[in-house]
Each structure stands twice: as structure tokens, then as C-alpha cells.
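A.B. asks: Residue numbers (the working numbering): 175 to 988. Take a look at this one; I'll ask things after.
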């Protein structure tokens, strides 16, 4: 909605002798044009709901991606969602798949193979639209952990022993390995260790105690070579370790944020400040505030490294904070506040998280003409032209026309140069309500769970329509540190970038946390000076990353065009090449509905010597982001130590699954025995005990699919299997764009006797809530304990999130 107010008395109550001027239509028109050009493509966002964030090998990652805040034209342009698994250690793509986006929603699943090592990863998703810089317009990054539940023969650990802070002292690292359940005092075998720092790779072995000590010269380290990666080998097993080394002297970075942006002399200022380590991790600290060389106050930051204080800076004085030496800080360090300025206003907002009204106080030492603009870099909602004075001005601004979310109050001078800016959150109380109820509070294993959803408006009465995705998973599979929800991401992270971890798990919903981050965070996507410099005559059209291919003949580039035949699930099409054999594959032609690949061939009678290569455009796009964006993989690296025991899944689920491993008596150390899906035919098709073809939920007790048999489809319905035929000679197989699958819960009515240890017992990629109500039903599995239901999606004009806990217990025999 592009409504904006130029000036209105009802929203500007002046309690001093300041004068309110009339509207400046020329400035308003220019400002609106600049905002339209500058914000193009920056309004929409991508959020992906993953079923959990802790996985084990061979599990399916289920997800639904939502394109939000996009107009209808942009929504239609997004047709492909690419999801890649990226290793935090190597910063490389481990696997990737492409999925169909329809009406702004893309869903699917990815199976994590046996070959993936336990550790920290990111799932990075982007769509096909790219900007002028060649970067995806919409990107979402989700940190996850992959853990192991296989039987471990040994463990390995890495630890920082000495940081090398003393002059001439090396950084000392201890790498230790031990055999599982080894008798105390027994001599350990020599473990081979391959380690690298930057491009340098070396090998060594541990001593009789299982330890290898490395001494590293700190002067040789840099930002690019400060992560030590070590692989420890024992027999056929390998453990991967990494440690972020202190490539700088132990130090804390302290930043100061005067509330309006500048420190104004002679008037009261509120100053926010934060403290972070060299690895950009927030830390609580305590310091002493000095005026010149005289101590005036003791200050501290909170548990996530943010604090604030108030001062009246005097011209000519120097203000600083001294933080004493600590385990994190190598020595006493003094940090100087920014120099005070005379001709800038001090802004004070007592409450930045508000509902319908914003109260602002402006202080200046001298009278000056300013514009106060309420905007979100896309629309102007209020423009007040006034003259300040030394007594201060109180503004009370009604937010009737302001949409929910983070908004900026910018103060500019008569030449429209920015003097101050303050962020606030409008209409915080305007939230639709989602109620989750179950028919029982506790369930037995393999018992049906009935869930009812009730969605109402902000009055908690009016029924509201919506579309949501639902996950029901073991509660221990959702790590608080990596948890993201659609509401917090839409209103906070997407606008402000990486935020410190909230102790309560969710930033949105904690008013104190939101007040603190709004004080110290500015726009990451928006900048006033950058916006005012925008050329409004330039086009902001985006390009689409398309899947391309190349035909060669005997290894050489073609000299004339030809046609390429494409056979998909239900499509046969002909694609012309150019003179060099290059062609573009329409996305609609390679959509597959059963995980099948598409076949390509040259339309020539004599196909000998021709080769077809298909290029996935998303691989170089994601690699480009990995190289250029340091915040894309935002998880924290260990500061002092890591142990591979932390990569093991704990609790009753591991006990159950280890029993399965012992029963299978396999030699490959996989989780459920031969976890590459038992019972496949020569084309890889199999049928699970629930008579579902190619069901990813059941790894064993499967049988090969047989031509002519009728099987249930994982996405619903049935099919007659037409057999398995290898591709003809001279046909090239290419990955398609996968259509959404529907999670199929276990059907115990078929008399399944094999243990069922799924951690995700229900997933619904898209459930439509009509007239405020919806219901789902699914059975529990054989894993007991606490389970969490997570529901998130969008409603009429907003986004919604809610979770609910229930318990599963073992049914006792009668």
C-alpha cells in the first residue's frame, strides 16, 4: 500500500515553541522516486521452513520455501528453488537439488547420504532471479548439524593449549585420539593426523598417549589462514576436526552507537554499545567510563553483549571506556567514544517497540530547521517540517498508516542531508493468533495423534485464512542455537542481518532483546546516502538463471545448429541450439514428479560422436556467494576445543538405532544396516513395507519394484509400475527440477513388525487453513520422549508461527 502523509497536526504534538512548516511537495516527490528505485527488489524475501536442524545420515531433510512480500509479477518470475548443503569446514557444496516453485511456494526433500561426515553444515537456498551483480535476489541460509549414531571405534579432540599471546610464544594446539572403551593405562596405537592451515597440508602421528602437539607461529596467521582443519585416521575411520585460531592478539571489539547516529554535545545522549570477540561473537563485559582521565561510571553489557548508558558530552572532552584484562581480553584496553558534534540533534526514543504511537524527543544546542521523516525506505508515512531549539522538542507520532515492522525515523537538514536516524518497531501487538491443540497430552507408541489448528485475527476472535507447513519431530532434533522461525526472520533477521543469539531462543517476542538490537543495529539493506544517490532512470529488471547445455561433436564445438530432443516425465520437446551447440532448457520442460531424470539426445540419425553437457547455473551462483559473503555461513566456530563425542546423537533414539545396527551385523558402519536402501531393482526402484514405491522413510525390509504391479505413490495416489529400462544408447540423463512430494506417515494397519525409528513422524509441506480451522492426524513412531509440533506460514497480510510439545511413552503390556 503506497500511502504516505506529508504533514498532519494529529500526529505531531509540539510541546515547545517550535514551529511546524507546511509540506515541501518537490522534496517529497523526489524522495518517493528515489525510494521506489532504491527499494526495487529489496522488499521481497525468502524463508525456508526445515523440519528440524539436527539430522543423521540417510535421513530426509523436508522443507517448504516461502516467497514473501513480493508482488504478483515478481512471484511468477520465481520458478526454481535451489537448495545446497554446504560444509562449514571446507566451504564447499556437498550436494544440491533444484525444486519447483509454484505460486511463490517451493517444497521438497533431500536425502543425506552415508558419505557425509558428521559436523556443522548450512542449507543454503536461493531462487532463479539474479540481480545486476550476478547474485541471487532471494537467499536463505539455515545452519544444521549432522550427527552420527553408528558404532564408533575411536574418538578425537582438538584443543587450544596456549594462545601465543606472549611475545615470541607459539600457539600450541593439542590433538588427542583414543580407542573407544580402551582399558585405562593401555598404550594407544599411533593415529595418523593430516592437518592443514590455509593451503599448507602436513601429516604426523600421535604419541603413545594418543596426543599430537602442534606449535604454530602466530605471525604466520591471517584471516584466510586462521582455521586449522585436522583429519584423524584409525583403520578405515576418519574424524574431522577444526579450530579457529587466535590470529590476532586476544582482544574484544567494542563499538558505540549514539542513539541518533552522532554524539551531540551539550545535550542528553543515550549511547548503545556492544562487545564482540575477534570471531565476531557477542560477549558480556564490564568497563569503566572516563571523562578525560576521570572515572565517572561503571558500565556493563548483558549476556548477549549489548549495553547502554546516558551522558551529556561536553565540547573538548574525551570520553572512553576501559575494559580490564580477562581470559578473552589479553590486556587492559581503552576504547574511545566518537567525538561529539555541535550541530546535530540528539534523538531519544524511550520505547522503540511500540503499538500505535511513537514518542520522540529531539535536543539541539542551537535552533535549526529540520525535516523529520518516518519511512521504511520504500514509502514515506510522515514528513514533519519544524525548527528545533535548545529546550528540546517532544513529538508524538501516530502510526496509523505505518505497516507492521521495523521503520526508520530520519532527521535531515534543510539541504536534506541526514543528521540522525532511529529505528523502531511499529504495531508490535498486531499479531494473528494460532492455537494448536491435541486430543491428548501423552501418547503411546504407534498411536494416532489428532491435531486441531485454530487461526484468528488480532482480536483473537475473527477466523483468518492461511497456508502453513507443519512438522512434528523429536524435540532433541531442534537445536536452540540454530533455530529460526518465519516471524522472527521476516521482521528482524531479514531487516537487520546477523543478530546475537537470544538466551530465550527467539528474538521476536522478547521486548528487551528487541529494544537492544534496534538501538545498536542499523539497516543492512538500506542506506540513506546510497538511496539519495540512486539513479531513478536506470532499470531494475532482474535476469533469470536458466539451465543451459552444450552439444559437442568428437570433443569439438559445433559449426552449425541442430535440434536436441528432450524426454521428461510427461513432456517431449525439441530444443534448437545455436551455431556453437549451446541451448537453453525451459524450466517447465524438466519438472519431474517421481525423482526421475530427463533424457536428452541429438535429433540426428547418426548420433555417433555427439555429447551433451547440461550446466546447473545454481552451483556457480552459490559458490560466488560463498566467496563474497562472509555472513552466509553464520554459525560459530569453536573458540578453544571440540570433541567428536559431541557429534554423536545421544539419548534413547541412539540406543534403539544401535540395537538395529547390531541386529543387521553390517560391516559398513552405517546407521540402519545397508542404508543405501535395500531391495532396489537395476534402476534403483524399490517398494517399502507400506507398499509405497521409492519411499525415503523406510531404509530396510524393502523389495524390488516389479513391472505391472500396482504401488502407492509417496505423494499420494497409486500407479502401475511400467518397468525398469536403462536409457537408450546416446541418450544423456540430466537432473530435473523436482516437484513437491507429500510426506507419507507410517501405516501400521498393514501389520508392520519392523521397528520404526523416524525422528520426523509428520510433515505437511502446505496445509490450507480455511475459515480459521484445520485438522491433521498421524501416528507416533517407536521412539519415546518429547516431541515438538512446529507450524509456520502466512496468513491474510502477515506471517504466523507456533509450536506445541507433547510426550510419547512406551505402551506397557497387559
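From the three backbone atoms N, C-alpha and C, an ideal C-beta is built for every residue, glycine too.
Should the segment 300 to 311 be called in touch with the segment 244 to 261, which here means at least 3 C-beta pairs below 8 angstroms?
C.D. replies: yes
A.B. asks: When DSSP labels each residue in this structure, what does residue 203 get in the three-state scheme?
C.D. replies: helix
A.B. asks: From the DSSP output, which residues share a beta bridge with residue 427?
C.D. replies: Residue 427 is bridged by DSSP to 450.
A.B. asks: Cα separation between residue 570 and residue 911?
C.D. replies: 53 angstroms
A.B. asks: Does at least one heavy atom of the ligand COA sit under 6 angstroms from the Cβ of residue 787?
C.D. replies: As presented, the structure is devoid of all ligands, the ligand COA included, so that no description of it is given.
A.B. asks: Would a C-beta distance cut-off of 7 angstroms place residue 858 and residue 693 closer than the cut-off?
C.D. replies: no
A.B. asks: When we look at the beta-carbon of residue 983 and count the other beta-carbons within 10 Å, is it buried (16 or more) or exposed?
C.D. replies: exposed
A.B. asks: Do the CB positions of residue 284 and residue 344 come within less than 7 angstroms of each other?
C.D. replies: no
A.B. asks: CA-CA distance, residue 939 and residue 281?
C.D. replies: 6 angstroms
A.B. asks: Looking at C-beta atoms only, is the number of pairs between the segment 514 to 528 and the segment 427 to 440 that lie closer than 8 angstroms three or more?
C.D. replies: yes
A.B. asks: Quick check: residue 620 and residue 933, are their CB atoms within less than 7 angstroms of each other?
C.D. replies: no
A.B. asks: Let me confirm a value: residue 225 is counted as buried when at least 16 other C-beta atoms fall within 10 Å, else exposed. Which label applies?
C.D. replies: buried
A.B. asks: In terms of residue numbering, what span does the alpha helix (DSSP H) encompassing residue 794 cover?
C.D. replies: 792 to 802
A.B. asks: Between residue 404 and residue 288, what straight-line distance do the alpha-carbon atoms span, to the nearest angstrom?
C.D. replies: 21 angstroms
A.B. asks: Exposed or buried, what is residue 968 when buried is set at 16 or more other beta-carbons lying within 10 Å of its beta-carbon?
C.D. replies: buried
A.B. asks: Taking Cβ to Cβ, would you say residue 822 is nearer than 7 angstroms to residue 322?
C.D. replies: yes
A.B. asks: Just to confirm, is the Cβ distance from residue 764 to residue 772 under 7 angstroms?
C.D. replies: yes
A.B. asks: Using 10 angstroms around the beta-carbon of residue 274, count the other beta-carbons present and answer buried if the total reaches 16, otherwise exposed.
C.D. replies: Buried, since its Cβ has 16 or more Cβ neighbours within 10 Å.
A.B. asks: Relative to the C-alpha of residue 855, which candidate in 863, 876 and 865 has its C-alpha closest?
C.D. replies: Restricting attention to 863, 876 and 865, the CA atom closest to the CA of residue 855 is found in 876.
A.B. asks: Identify which residue in 945, 291, 661 and 675 has its Cα closest to the Cα of residue 975.
C.D. replies: 661
A.B. asks: Classify residue 923 as helix, strand or coil using the three-state DSSP reduction.
C.D. replies: helix
A.B. asks: Just tell me which of 264, 278, 353 and 948 has its CA closest to the CA of residue 291.
C.D. replies: 264
A.B. asks: Determine, using beta carbons only, whether residue 246 and residue 258 come nearer to each other than 7 angstroms.
C.D. replies: no
A.B. asks: Between which two residues does the alpha helix (DSSP H) holding residue 972 run?
C.D. replies: Not the alpha helix (DSSP H): residue 972 falls in the beta strand (DSSP E), residues 972 to 983.
A.B. asks: For residue 919, count neighbouring C-beta atoms within 10 Å of its own C-beta (all shown protein chains included) and say buried if the count is 16 or more, exposed if not.
C.D. replies: Residue 919 is classed as buried because its beta carbon has at least 16 other beta carbons within 10 Å across all chains shown.
A.B. asks: Three-state secondary structure (DSSP) at residue 829?
C.D. replies: Unreliable placement is indicated for residue 829, whose pLDDT of 46 sits below 50; no coordinate value is reported for it.
A.B. asks: Quick one: what's residue 640 bridged to in DSSP?
C.D. replies: When beta bridges are read from the DSSP output, residue 640 appears opposite 943 and 969.
A.B. asks: For residue 784, list the residues DSSP reports as bridge partners.
C.D. replies: Answer is 727.
A.B. asks: Do you know how far the Cα of residue 551 is from the Cα of residue 213?
C.D. replies: 7 angstroms
A.B. asks: Need the endpoints of the alpha helix (DSSP H) that residue 687 sits in, please.
C.D. replies: 685 to 694
A.B. asks: Got a sec? Which residues, its chain only, sit under 7 angstroms from residue 411 by beta carbon, not counting five neighbours each side?
C.D. replies: 327 and 328
A.B. asks: Applying the 10 Å Cβ sphere with the 16-neighbour rule, what's the burial state of residue 868?
C.D. replies: By the neighbour-count rule (16 or more Cβ atoms within 10 Å), residue 868 is buried.
A.B. asks: Quick check: what's the CA-CA separation for residue 638 versus residue 610?
C.D. replies: 15 angstroms
A.B. asks: Once the 5 residues before and after residue 958 are set aside, which same chain residues still bring their CB inside 7 angstroms of it?
C.D. replies: 619, 826, 982, 983 and 984
A.B. asks: So residue 539 and residue 441 are in contact, right, with Cβ under 8 angstroms, and what is the actual spacing, rounded?
C.D. replies: For a cut-off of 8 angstroms, the C-beta gap from residue 539 to residue 441 is around 6 angstroms, short enough to register as a contact.
A.B. asks: For a test of the three-state rule: what should DSSP assign to residue 651, helix, strand or coil?
C.D. replies: helix
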